[in-house]
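The block underneath contains the structure these notes are about, expressed in structure tokens.
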Amino acid sequence: MANKKEVGTPASDFSKDAPELKQAANLHQGMFDAVLSRLDMAFSKLNPSFNFQQVIKSPQKQVVVSLPVMMDDGKLQVFQGYRVIHSTALGPSKGGIRYAMDVDIDEVKALAAWMTFKCAIANIPYGGAKGGITCDPRKLSVGELERLTRAYTTAMADVFGVDKDIPAPDMGTGKREMAWIVDTYSKIHRVDAPGVVTGKPLTLGGSKGREAATGRGVMISCLEAMKKTGMDRKNATCAIQGFGNVGSNAAKLLNSKGIKVLAISDHTAGIFNPKGIDIDAAINYAKENGGMLKGFPGGENITNEELLLADVDVMVPAAVQNVITEHIAKNMKAKLVIEGANGPTLSEADAILFERGITVVPDILANGGGVTVSYFEWVQNKYGHYWTEDEVNTKHDASMSAAFENVWFNAKQYKTNLRTGAYITALKKLEKAVAYRGNY
Ligand code: NAD
């Protein structure tokens, strides 16, 4: 790996590749187009009815709101908020809420569509949605974040609903924001509605196992893919981009299965250690440093590009979209990619990875563990009866393995890669649901 620095030096060199990465991350302008092109690929194999193709290509509802929020300095700032409901063919819509500067309607539309496919693959009775606010949550105080979240919930009070549309955390949000959402929604509607949002704190009706669920699903997907491709788990190594909810939990769980994590990164730093990174130490370090890895002394500093091209067996992108470009795909050394993030691979890169024999477990399968346990949380809220962590994890693991098997089967049957296999798995189910419902 080129340009490595001495162990423990600050990640100053990391910022060098940040503009490129930002530029890559900004490629989301075409994100919904990327969904459409991948749908077309699956349509060409599956040949579903033209009526269904039209329905599934068109998001059902798009809501855009302006959110005036009083900032700590006494000035008013108006934020843009979005909620896109892509489909309710299989049930109430489900999908996280993202706080990031590059959130826009195109990105939210793509993420909502992926939720529809993800829920269908995970075999849970939900449609797909996504929400977001264009903001930099790291630059807002807790008070500003609370006012913004409550303003957004108020604006979406008639969109959300326990049997209608159920948000959850995504990038930049977590259990704290979910608690504000359930509280605001319950006050507006004068009901106790814990099931209106998932990913809540345990004391407000959250589910055991939810916080680590997406990372856990990444781990199960990785183990299943290793079994299918005959990869030896004992001596396997991996690299993980992103060290938030998904990345840090995936790192911990993969490590617990003996897969050595050689490289990790977040938006502030990249770290490589050929002997394996001490994941608990990295998690504790990030906790004490405002969630950031910058300055973590457990390895050499590397850039994001170096991480993606690291000499490891498994690559786990778990941060932002569009990071696996054609250049990365051509030069990647990993043999297996497990997409923890949504949309980390550009369509053009997909073809290259396939040609090079690199197996990609697509986002709509690999990161479905989060929504699976969100569904378990919603079920527990409806019953008012709560499961142990073991019960949750056992049900989750069985569900993820079954989803993996189904996608693998369809990929083989239609002689295609796992991504198209995953789309086919979802579309088969959705086509039936749309046909049964009929049109008027
Ligand atoms: P998070 O906010 O908890 O963490 C995001 C991480 O990515 C942070 O460590 C951040 O520093 C890092 N990051 C941001 N920009 C980066 C960059 N340019 N380079 C390297 N690292 C960067 O978010 P999360 O919930 O872990 O979500 C990560 C991804 O997983 C997103 O694509 C999200 O849509 C997807 N996802 C999340 C869930 C969930 O349950 N949280 C479920 C399914 C999919």
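So the sequence shown is residues 1 to 440, counted in the numbering used here.
For every residue, glycine included, the Cβ atom is placed at its ideal position computed from N, Cα and C.
If you're wondering where the values come from, they're calculated on a predicted model, not measured in any experiment.
Own chain, CB closer than 8 angstroms to residue i, minus 5 neighbours either side, in chain order
i, result
"ALA349", "ILE324, THR325, GLU326, ILE328 and ALA329"
"LYS57", "LEU36 and LEU39"
"ALA402", "ASN123"
"ALA286", "PHE243, SER248, ASP266, MET292, LEU293 and PHE296"
Min CB distance residue i to chain C below 7 angstroms
i, result
"GLU339", "Here chain C cannot be found, since the structure has a single protein chain."
Proximity winner among the options, relative to residue i (alpha-carbon distances)
i, options, result
"THR153", "GLY132, ASP170, LEU140 and SER141", "GLY132"
"ASP313", "LEU262, GLY91 and LYS294", "LEU262"
"VAL197", "GLN380, ASN393, ALA282 and PHE32", "GLN380"
"ALA110", "GLU431, ASN322 and LYS432", "ASN322"
"ASN235", "PRO68, THR425, ALA89 and ASN255", "ASN255"
"VAL69", "TRP378, LYS130, VAL142 and GLY290", "VAL142"
"ASN304", "ASN284, MET332 and ALA286", "MET332"
"ASP163", "GLY195, MET226 and MET231", "GLY195"
"ASP106", "LEU140, TYR82, ASP232 and GLU389", "TYR82"
"VAL337", "THR359, LYS382, PHE354 and LEU346", "THR359"
"ASP102", "ALA113, CYS135 and PRO125", "CYS135"
"TRP387", "LEU202, MET171, THR229 and ILE181", "LEU202"
"LEU145", "ILE181, VAL63, GLY161 and LYS130", "ILE181"
Own chain, CB closer than 6 angstroms to residue i, minus 5 neighbours either side, in chain order
i, result
"LYS260", "THR237 and GLY276"
"GLY340", "VAL218, VAL246, ALA250, VAL316, ALA318 and ASN367"
"ASN439", "none"
"ALA426", "PHE117, ALA120 and ILE121"
"LEU346", "ASN322 and THR325"
Whole-angstrom distance between residue j and residue i, CA atom to CA atom
i, j, result
"GLY206", "HIS385", "11 angstroms"
"GLY247", "ALA212", "10 angstroms"
"LEU200", "ARG419", "As written in the sequence, residue 200 is Lys, which differs from the Leu given in the question. When rounded, the distance between both Cα atoms is 31 angstroms."
"LYS335", "ILE352", "13 angstroms"
"VAL78", "MET71", "10 angstroms"
"LYS429", "ALA120", "7 angstroms"
"LEU27", "ARG190", "Here the model assigns LEU27 a pLDDT of 47, short of 50, so the residue's position is not dependable, and the following value carries that caveat. One C-alpha to the other measures close to 42 angstroms."
"PRO48", "GLY30", "24 angstroms"
"ASP280", "PRO344", "26 angstroms"
"GLY291", "GLY174", "13 angstroms"
"GLU177", "ALA157", "15 angstroms"
"ALA435", "LEU90", "11 angstroms"
"THR268", "ILE220", "28 angstroms"
"GLY74", "THR214", "38 angstroms"
"ALA433", "ILE124", "13 angstroms"
"ALA411", "CYS222", "17 angstroms"
"PHE404", "PHE32", "25 angstroms"
"LYS451", "ASN417", "In the structure as shown, the chain begins at 1 and stops at 440. Residue 451 is therefore absent and cannot be evaluated."
"PHE50", "PHE43", "9 angstroms"
Nearest-angstrom beta carbon gap, residue j and residue i [assumed within contact, 8 angstroms]
i, j, result
"PRO61", "ILE85", "Contrary to the premise, residue 61 reads as Lys rather than Pro in this sequence. At roughly 4 angstroms, the Cβ-Cβ gap stays under 8 angstroms, so LYS61 and ILE85 are in contact."
"THR184", "ARG150", "5 angstroms"
"GLY95", "PRO167", "7 angstroms"
"PHE243", "ALA282", "7 angstroms"
"LEU293", "ASP266", "5 angstroms"
"ASN273", "GLY295", "Actually they are not in contact, since the Cβ atoms of ASN273 and GLY295 sit about 15 angstroms apart, beyond 8 angstroms."
"ALA310", "ALA239", "5 angstroms"
"ARG216", "HIS396", "6 angstroms"
Contact set for residue i: own chain, Cβ-Cβ below 7 angstroms, skip 5 residues either direction
i, result
"VAL392", "SER207, LYS208, GLY209, VAL373 and PHE376"
"ALA179", "LYS200, PRO201 and LEU204"
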